[in-house]
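Residue numbers (my numbering): 181 to 440.
To start, the structure under review is shown below, and the notes come after it.
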Amino acid sequence: MKYKILEKPDCDDAYELVHDALRKRATIVIFACCKVNYEGRALSQLNWGERIIMIKPDGAFLIHQEKKVEPVNWQPPKSKTRSYIKNDNLFLESHRRTPKELLTVEIRKIQFISYANIEDFEELEQAGYEKDMSDMIMEKPHMIEEGFIPTTREYSVEHGFIDILGKDKDNNLMVLELKARKAGVTAVKQLRRYLQDLENTDNDILKECKAQRKKIRGLLVAPSIMDDAQELLEEEGIEFVAIEPPRELKRDKKITLDAF
């Protein structure tokens, strides 16, 4: 990794470092006292304060305060950054073309500034999401119940996409709504809308079901369920199946943060 660091640089030295870093498409990190103005879909102003400024090679421009995960101001990738000196202060501008947006940072005192040419070709692997649950159920359908046969994933209906459609051992149609976290009333209502969509729409799956005088079963699948959601399930005649999403990443020798 090639990098350069300056502590308490003057304005000219800081400008040279930023100019050099932008030319080299490096990642820039600045700890400084700054003021921020934004013009675009709205207007905003952030008065003087000590903040962290980060500029990435893809054009992303982020300004962080000492609290919260999200930046207080930011521009997305593909924005263009330029720097200049005015009234003995360093200015950074991030331009976005569509929609037109301009983020202007005026810096008057820099504590620390650095750039680095970072090499990172890996993509984040994640586990424990609805997609992982769906993959697991398709591979091991008996987790739902013995005799369950999944037939379709992401089946489109008026109010969205049903996670998994299938049949039980008696050939009843089964509609599965998956949640990777504790399920609430919203999940039950969502599943109820899907069931109503199937009842109110002519389609091959429903025709087959009715022709054989079979019923449609709705199943909410999640690690656990809230009390009010359980009450609504019972009122609607919807079933609940408790299943934990898989926590292992697919590549060998990978672990999740749960291990720490």
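A virtual CB, placed ideally from N, CA and C, is assigned to each residue, including glycine.
Which value, in whole angstroms, describes the spacing of the CA atoms of L437 and M313? With a pLDDT of 46 at L437, under the threshold of 50, the modelled position of that residue is not reliable, and the figure given next carries that caveat. One C-alpha to the other measures close to 18 angstroms.
Do three or more CB pairs link the stretch 196 to 204 to the stretch 216 to 231 at distances below 8 angstroms? Inter-segment contact for the stretch 196 to 204 and the stretch 216 to 231 is absent: fewer than three beta-carbon pairs are separated by less than 8 angstroms.
Taking a contact to mean a Cβ-Cβ separation below 8 angstroms, would you say S259 touches F241 in this structure? yes
Let me check one thing: in DSSP terms, what residues is Q255 bridge-paired to? Under DSSP, Q255 takes part in a beta bridge, and its partners are F241.
For E453 and F292, which I take to be in contact (beta-carbon distance under 8 angstroms), what is that distance rounded to the nearest angstrom? Outside the modelled stretch of the chain, which goes from 181 to 440, sits residue 453, for which no answer is possible.
Kindly indicate which three-state DSSP category V368 falls into: helix, strand or coil? helix
Just to confirm the assignment: which complete alpha helix (DSSP H) runs, minimum length 4, are found wholly within the stretch 316 to 357? none
Supposed close pair E325, D343 - CB separation, criterion 8 angstroms: In fact, because the Cβ distance is near 16 angstroms, the residues do not count as touching under 8 angstroms.
Identify, in the order they occur along the chain, each residue of the same chain with its Cβ nearer than 7 angstroms to the Cβ of A391, setting aside the five sequence neighbours on each side. With a pLDDT of only 45 at A391, under 50, the local geometry of the prediction cannot be trusted, and no value is derived from it.
Return helix, strand or coil for M234, following the three-state DSSP convention. strand
Look at the Cβ atom of V209, then the Cβ atom of M234, and state whether they are nearer than 8 angstroms. yes
If contacts are defined as beta-carbon pairs under 8 angstroms, then K395 and N351 qualify, I think. What distance do you get, rounded to the angstrom? Not quite, the Cβ-Cβ distance comes to about 10 angstroms (not below 8 angstroms), so this is no contact.
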